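Chemist: So the sequences go chain by chain: D and C.
Quick note: the first sequence uses our numbering, first residue 128, plus one each step.
Quick note: the second sequence uses our numbering, first residue 478, plus one each step.
Just so you know, even glycine gets a beta-carbon here, dropped at the ideal spot from N, CA and C.
Keep in mind the model is a prediction, meaning the values are calculated, not measured.
Sharing a structure here in structure tokens format.
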Amino acid sequence: MRKAERSLGVVLFPAFDWAISPTHPEREERLLYTQDQLHEEGLFDVEGVREYKPDVATREDVERTHFCFPDVDAVTTRSHLVSAGGAIRAARLVMDKEAERAFALVRPPGHHAMKCVRGARGFCNVNIEAIMVEWLREHYGVRRVAIVDTDCHHGDGTQDIYWHDPDVLFISLHQDGRTIFPGTGFPIESGGPTARGRTINIPLPPGTGDQGVLTVMRELVLPLLAEFQPELVINSAGQDNHYTDPITDMKVSAQGYAELNALLNPDIAVLEGGYAIQGALPYVNLGICLAMAGMDYSALREPDYHAEALRQDERITAYVEELCRQMPRVYHDPPAAPENPRNGMREGDWWMRNKSIFYDTGGFQETQKEGLHLCGNCRGLLKIESQVDSLRCLGVEIPHGACTACQNLGHSIVEESQLKSAFRYVQLIDRVNKEYSRYGF
Amino acid sequence: MYLGIDVGGTHTDAVALDLSGPGVEVVAACKVKTRHDDLLGSVNEALERILRGVDRKLVRRLNLSTTLSTNAIVEGRAEDVGVLVVPGPGMDPSEYMLCKDFHVLDGAMDHRGNETARLDKAQCSAALEACRRDGVRAFALVGKFSVRNPLHENTLRHWLCHTKDEKGCERADFVTLGHHLGGRLNYPRRVASAYFNCAVWRLYNQFADAVEASLGRMGLGHVRVNVLKADGGTMPLAYSRKMPVQSIFSGPAASVMGIIALCEIIHDSVILDIGGTTTDIAVFADGAPLLERAGIEIGSHPTLVRALKVKSIGVGGDSALSMIGDLVRVGPRRLGPSMAEGGRHPTLTDALNCRGLCEVGDLEASRRGVAAYAESHTISPEKLAAQAVEAAARTIHEETRSLVAEINDRPVYTIHELIEGKRIVPRKLYLMGGPAKAMRMPLFGCFQLASEAPEHFAVANAIGAALTRTTTDVELFADTQKHVMFLPGLGHHENIPASYNLENAKRDAMNHLLAHLADLKLASDAERAEITHASSFNMVEGMNTVGRNIRVKCQIKPGVERTLR
């Protein structure tokens, strides 16, 4: 009987009856071959490796994390709740010590979904890692978490959600935003005024291969994690840096992904993107499963693998090495972005910034006015005014450990907004009392 | 007249059933000691006993369940096999090396059945030559994803035998190709199943020859012989000669089929077969037994052999009582028979005797034994007996609960299944085996469920064997982009048009299933044929649908032909 060095729980949920549209890259077929490969390899017969079915996230699980306008039902489908529930199940396995590591192989993905949700962005409606993290915090009292996003696209949603949270270190490795959706993720984006240096963006040039991402992992990410000392390390495991991915331009192989995972050694991995559903996903996902279980992955190769063709350009190597030298400064001594309405600026007791968010799937624009109350005694109250066309909504979040003044302020803002009827929908996330309420219809 | 024989570890049970009337009548039943060095002798003895006073010309069928293959493997009497594997990239195959003549070959097939690396003829010939030098005469040839495309397995067979003839050849007595074991994905299991199929092949065929010969001598040459499988169905003897691995661990299936024949099971239920050493727990959903998701384990090697989901725990009538501190335990050890039957250590049966729940053997011996053990542990005999019975019932209850929880936790792959997913909530207990009646009330105390122990429970397994239907299952895989449709278990493939769809696939799978039954000369079971899985995925390249990836499974539903209800 084969045995894993570390026990691994795999939540495999291919959602075989859900798709955005029949030919959309995020469709039913996406995890089909991965499932075939894992089953044909007999992975779940290995002692210590088990397959689990997902939980289903509740409306409250979503409302704990997101402002959803008009409401959760309007911006999610059942499959989103199952996908988020899959991530929660993975976390539960690890927290309950049923498994030492867990991998949620679920779809649809979530890392482009921001704090405020009004539709789908880049195939994402709700942020399944963030829903999982907030669920962990509420049910297990976890505080310090590191999320390492290895999807080829910038994890702008996760960045947005934890922008003001000093207890979450968010690190995103991705193809340079000047060349790919969503066009963000530059080193200067390093976190809000109370969480500066807790967002680390590492843009990589198109054509970066195994060597590049592994260098970043070894020389930059691991030292930062050692410094931050998180209670949990979570991998937003997008598989679209693969050399066969149809919508990106990177050169990472299944071996590279397995080694990356072995170095990072995350407690929980959650599948994000990855659309080379035949040539990459079966091999990459198997590699990650083997690495997480501490098993040998050296015999793993894509059928069309040619080491020579995947060698990265020397200029990229040089660039990556320079990046690794300079980036630690963003964590230790983060440069302040110029104060302006887009980056954020002080207005009295509030730190305000204006955001404009394009929902590529729905094809509409949202404008946001985000305010963080600069309290000094606690992390500070968060409010977001969101507008699409003429429909205005308000979200207020009282954070963990908020002081009494901020709690009162939050409640009075919600009350006042109702009296003035300036907003069609209002949502209050009260983390202190674990109350999630919404008003308006 | 139907005959059923279940060769068990301790006893060989046999029944003769008369089906000529409106009901099923047990004409004769017997239990003889199983002689492991002479299984055929045990079978013959049981046959002779049940056939006394029966007109042998009226016997139409004999269904046989035997531990022969199981024992051969457990006792290491299996023959040497040449195992040639083509694993391609992925997990390291040497971790499941099963025998000495295990050869890992170059070549690869991907998940859609595209050949991504070719076989190396020189390397294959060298491997075959090495096997021949070791005197190997049985070969298992297994490729990864061979159920998507059997090219490598077929090629290897051709190189081995220099003939495409299905029958043996000069260079090998028997060959198992991995894809013939069925269409399910699981490479290590396919390798192990093919290996075991070869390892027991010769021994099994010798036994089958001997059974046929002795039936001839007994004037039963005209009788159809079927062999029980672990999934609760039977296969014709001729077919079983090519698939002996399927006859493994069919004992629990006979018991489960027996309970189906004896009781009307409609709801979610739990079946407890309480034997001497173990209790076998099976679970029914809506009156149908549940199968193992993947297949049974043989000698700690998982295989693709379909089997009923049966959990065996170490609590039975002969389980020894023990104490840890104040805690009374039953099993899992067995230290000989109960004291009521001449043993030297008190058992559950002795405790049941003391409680007045049964009257087995020498009641006084049970009382003395329990009293002596109680005294040495400063506890009253009454308390010891009561707590022992309670502990046995509680263990069975807890193990059943965890089995049901595990079943309810099994993975599902669609939102529909997950949201609408059926949970199993047992509503009734069915009890069989020696201590069944005695344990009924204590178990009721734990489960709080209606419970029933049917008549004839002592030979329920032989009745089950006699009445079990012949079953078979096929899996169809189609890829309209590649224009192929393939039924691995039948080794059948054909070209299909791009317009081929799920409905076509369901129809074809069903037709092939029925044609296969006809080949086995079993045309009558068509009404029990059912589709158990059907899915179709659009395959997209760029923004265009380039084809469909279709999977269909169908089976003859396992069950019994008639019941005694």
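From C:D985, C:R1042, C:L920 and C:L967, pick the residue whose C-alpha is nearest to that of H657 (chain C); which is it?
Modeler: Nearest C-alpha to H657 (chain C): C:L967.
Chemist: Strictly below 7 Å CB to CB, what residues from chain D border T593 (chain C)?
Modeler: P430
Chemist: Could you tell me whether any Cβ in chain D is nearer than 8 Å to the Cβ of V902 (chain C)?
Modeler: no
Chemist: Output the distance between the C-alpha atoms of N535 (chain D) and R248 (chain D), rounded to the nearest integer angstrom.
Modeler: 34 Å
Chemist: List the endpoints of the continuous alpha helix (DSSP H) containing H166 (chain D).
Modeler: L159 to E168
Chemist: Could you list the residues in the segment 980–1011 of chain C with a C-beta less than 8 Å from some C-beta on chain D, going in chain order?
Modeler: none
Chemist: Does the separation of the CB atoms of Y363 (chain D) and E399 (chain D) fall below 8 Å?
Modeler: The sequence given here places Ser at residue 363 (chain D); Tyr does not occur at that position. Going by C-beta atoms, S363 (chain D) is nearer than 8 Å to E399 (chain D).
Chemist: If you draw a straight line from the C-alpha of R228 (chain D) to the C-alpha of A420 (chain D), how long is it?
Modeler: Spanning the two alpha carbons is a distance of roughly 7 Å.
Chemist: Shorter than 8 Å from the beta carbon of K621 (chain C) to some beta carbon of chain D?
Modeler: yes
Chemist: Counting only runs that start and end within the segment 321–349 of chain D, where is the beta strand (DSSP E) found for 3 or more residues in a row?
Modeler: 326–331
Chemist: Taking W678 (chain C) as the reference, give the member of C:E592, C:S691, C:T653 and C:L768 with the closest Cα.
Modeler: C:T653
Chemist: With the cut-off set at 8 Å, would you say I884 (chain C) and I901 (chain C) are in Cβ contact?
Modeler: yes
Chemist: Taking only beta-carbon atoms, is P888 (chain C) less than 8 Å away from chain D?
Modeler: yes
Chemist: If we define contact as Cβ-Cβ less than 8 Å, is H588 (chain C) a contact residue for chain D?
Modeler: yes
Chemist: Between the Cα of M574 (chain C) and the Cα atoms of C:Y672, C:I973, C:C601 and C:G530, which residue gives the shortest distance?
Modeler: C:Y672
Chemist: Which two residues bound the contiguous beta strand (DSSP E) that contains T711 (chain C)?
Modeler: T711 to P713
Chemist: Using the beta-carbon of each residue, which ones in chain D are nearer than 8 Å to D569 (chain C)?
Modeler: D423, S425 and A426
Chemist: Would you kindly report the start and end of the unbroken alpha helix (DSSP H) that includes P455 (chain D)?
Modeler: P455 to H459
Chemist: Just the Cα atoms here: how many angstroms apart are Y458 (chain D) and N481 (chain D)?
Modeler: Going by the C-alpha atoms only, they are around 24 Å apart.
Chemist: For T1022 (chain C), which option in C:K1030, C:S1013 and C:V1029 has the closest C-alpha, if you only look at C-alpha atoms?
Modeler: C:S1013
Chemist: I'd like the list of long-range same chain contacts for I540 (chain D), defined as Cβ closer than 7 Å, with 5 residues on each side in sequence excluded.
Modeler: K510 and V523
Chemist: Bridge partners of H970 (chain C), per DSSP?
Modeler: C:F963
Chemist: Return the first residue and the last residue of the alpha helix (DSSP H) that I525 (chain D) is part of.
Modeler: In the DSSP assignment, I525 (chain D) falls outside any alpha helix (DSSP H) and within the unbroken beta strand (DSSP E) covering L518 to I525.
Chemist: Measure the CB-CB distance between H193 (chain D) and G507 (chain D) and report whether it falls below 8 Å.
Modeler: no
Chemist: Can you look up R538 (chain C) in the DSSP assignment and give me helix, strand or coil?
Modeler: In the structure shown, R538 (chain C) sits in a strand (DSSP, three-state: E or B).
Chemist: Since V558 (chain C) contacts A649 (chain C) with CB under 8 Å, what's their CB separation in whole angstroms?
Modeler: At roughly 11 Å, the Cβ-Cβ gap does not stay under 8 Å, so V558 (chain C) and A649 (chain C) are not in contact.
Chemist: Interface residues of chain C around P409 (chain D) at Cβ under 7 Å?
Modeler: Result: H588.
Chemist: Please state whether DSSP places G553 (chain C) in a helix, a strand or coil.
Modeler: coil
Chemist: To the nearest angstrom, how far is the alpha carbon of P1035 (chain C) from that of R946 (chain C)?
Modeler: 7 Å
Chemist: In the DSSP output, which residue or residues are listed as bridge partners for W478 (chain D)?
Modeler: BP columns for W478 (chain D) point to D:R473 and D:L499.
Chemist: Any idea which residues DSSP pairs P1083 (chain C) with across the strands?
Modeler: Outside the modelled stretch of chain C, which goes from 478 to 1042, sits residue 1083 (chain C), for which no answer is possible.
Chemist: Go ahead and pull the three-state DSSP assignment for K180 (chain D).
Modeler: coil
Chemist: Would you kindly report the start and end of the unbroken beta strand (DSSP E) that includes E522 (chain C)?
Modeler: In the DSSP annotation of this structure, E522 (chain C) is not part of any beta strand (DSSP E); the continuous alpha helix (DSSP H) holding it starts and ends at L516 to I527.
Chemist: I'd like the list of long-range same chain contacts for P858 (chain C), defined as Cβ closer than 6 Å, with 5 residues on each side in sequence excluded.
Modeler: V847, A848 and A851
Chemist: By the 10 Å Cβ neighbour count, where 16 or more other Cβ atoms means buried, how is D337 (chain D) classified, buried or exposed?
Modeler: buried
Chemist: Taking a cut of 8 Å between CB atoms, which residues from the segment 1011–1042 of chain C lie near chain D?
Modeler: S1012, F1014, N1015, M1016, V1017, G1019, M1020, N1021, T1022 and N1026
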